[in-house]
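Numbering (the working numbering), first residue to last: 338 to 822.
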């Protein structure tokens, strides 16, 4: 009974809890990587538990390795996991960052990863995080002509592979727009892909059934041609998409008066754009089912000079419900008009800013009902969530000034942090009362996920780790909110 409970905790709960050391029966050290491996702990409780656990393949299907948290390469441990897991599907995570210390160590880590290739048919989640000193050329070449029939999540950053590939291999060209270049024998269950631009150009896996895609700029700043980018973005099965950095010359081509290619994503529901200019992209985008749009550190610098005078169209995102702005730059008037028109149908707005000198004023100007071109901005807006790290200057009277321009017939709620509300209730009682006359004030409940939690569609044993890596992850600033006033 107790063993069954312990094993179920291994299977249902994230098993990478931090600890300094752990000792099993007879004082044997069962943890050397800095993370708790529940299956190892269970197998060291007593002889009976060890015998049962070694004969339970599902207990050994998840392997996690972190180079910066471990002083040795666990080749033997991985071999044991591969053997004990039998024919069960595998979840593999290799964090090779921090491998710049010794070349021999990098080679051993590479051998560690390569030892899983014979088991590619059992891969379910395969995640490798290299740094600039670590290359995955041999790994990706090793799976070019293989099949991964059970692979669901494939996350690989190619790091600094660019000069090495082109020095030794000229087979790949960008003309091969969407054909798979690795796992050519098929990966029919692959639904989640996390890659940089170089990987997508030269080591593209099958994308036939992809639902979640994360693209980011690589260290060599490889830019995909517009045709290739659009071929990838318009995969009909795509539901969740994150783009980070300068991943294409799309806007440059538009600025050069070339044909502006439309981006039609029929099933996209969650779009995240980080660290890039957005206007040219958005004007060409059509996503009839898009529900949530997130901008993080985006630039609104591509003005009408780059969009050929084309007018924005709210029908591009007719079902858009939620707009999230994270650490946004100030908007000029043209960009403000464009943004409010493209997102005209939103019902919920989230503004989050971590900087002392934020663009909060320009963001709040968007809420003013008659600020841009004497037109109504976001006429269906019902909820505004404000998540600021430095809020000393934003008193209730500022929100009141912005919101009182909106029609009285619209019921509007403003969600703020509990500590901020208490601060206002103590020091700005009269101003808070005025604000309550124009909106309903709600506080963010720690148990209600009003703030986006991270990487969409993440599940399994690595869900928390993927959330932590996500580029549009939004931190709650409740613990710091009063310290900065």
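Glycine included, C-beta positions come from ideal geometry on N, C-alpha and C.
One thing to note: residue 754 has its Cβ no nearer than 8 Å to the Cβ of residue 737.
Minimum Cα-Cα distance from residue 802 among the listed residues 385, 465, 450 and 383 corresponds to 465. The beta carbon of residue 518 lies closer than 6 Å to those of 540 and 541 in the same chain, with the five residues before and after it left out. Under DSSP, the beta-bridge partners assigned to residue 401 are 430. Residue 403 has its alpha-carbon roughly 31 Å from the corresponding atom of residue 575. When DSSP states are grouped into helix, strand and coil, residue 392 belongs to the coil group. Taking residue 551 as the centre and dropping the five residues before and after it, the same chain places the C-beta of 531 and 579 closer than 6 Å to its C-beta, in chain order.
Bridge pairing for residue 636: 614 [DSSP]. The alpha helix (DSSP H) runs lying completely inside the stretch 656-707 and spanning 4 residues or more are 670-679 and 697-702, given in chain order.
Beta-bridge partners assigned by DSSP to residue 631: 609 and 661. Going by beta carbons, residue 572 and residue 547 fall inside the 8 Å limit. Closest by C-alpha distance to residue 396, out of 419, 410, 412 and 405, is 419. DSSP lists 601 as the bridge partner or partners of residue 623. Beta-bridge annotation (DSSP): residue 769 is not paired with any residue. For a cut-off of 8 Å, the C-beta gap from residue 425 to residue 398 is around 5 Å, short enough to register as a contact. In this structure, DSSP gives residue 715 a state outside helix and strand, which the three-state scheme calls coil.
Per the coordinates, the alpha-carbon of residue 527 lies some 35 Å from the alpha-carbon of residue 722.
Taking each of 459, 389, 521 and 428 in turn and checking the Cα distance to residue 483, the smallest one comes out for 521. In the three-state scheme derived from DSSP, where H, G and I count as helix and E and B as strand, residue 581 is classed as strand. Residue 431 holds the alpha-carbon nearest to the alpha-carbon of residue 799 among 472, 515 and 431. According to the DSSP assignment, residue 532 belongs to the beta strand (DSSP E) that extends over 529-533. Residue 472 carries a coil assignment under DSSP once its states are collapsed to helix, strand and coil.
Here DSSP, grouped into helix, strand and coil, assigns residue 732 to coil. Remark: C-beta atoms of residue 657 and residue 676 do not approach each other more closely than 8 Å.
Bounds of any alpha helix (DSSP H) do not take in residue 461; it lies within the beta strand (DSSP E) bounded by 460-466. In the structure shown, residue 749 falls within a coil segment according to DSSP collapsed to helix, strand and coil. Taking a 10 Å sphere around the C-beta of residue 763, we find fewer than 16 other C-beta atoms and assign the residue as exposed.
Your pair residue 544 and residue 584 does not check out as a contact, with CB atoms roughly 16 Å apart and the cut at 8 Å. Going by DSSP, residue 491 is part of the beta strand (DSSP E) stretching over 490-493. The shortest C-alpha to C-alpha distance from residue 691 to any of 678, 634, 719 and 668 is the one to 634.
Judged by DSSP in its simplified three-state form, residue 576 adopts coil rather than helix or strand. Distance from the Cα of residue 410 is smallest, within the candidate group 391, 421 and 442, for 442.
Checking the DSSP bridge columns, you'll see residue 523 partnered with 484.
Around the beta carbon of residue 433, 16 or more other beta carbons lie within 10 angstroms, which makes this residue buried.
In the DSSP assignment, residue 550 falls within the beta strand (DSSP E) that extends over 549-553.
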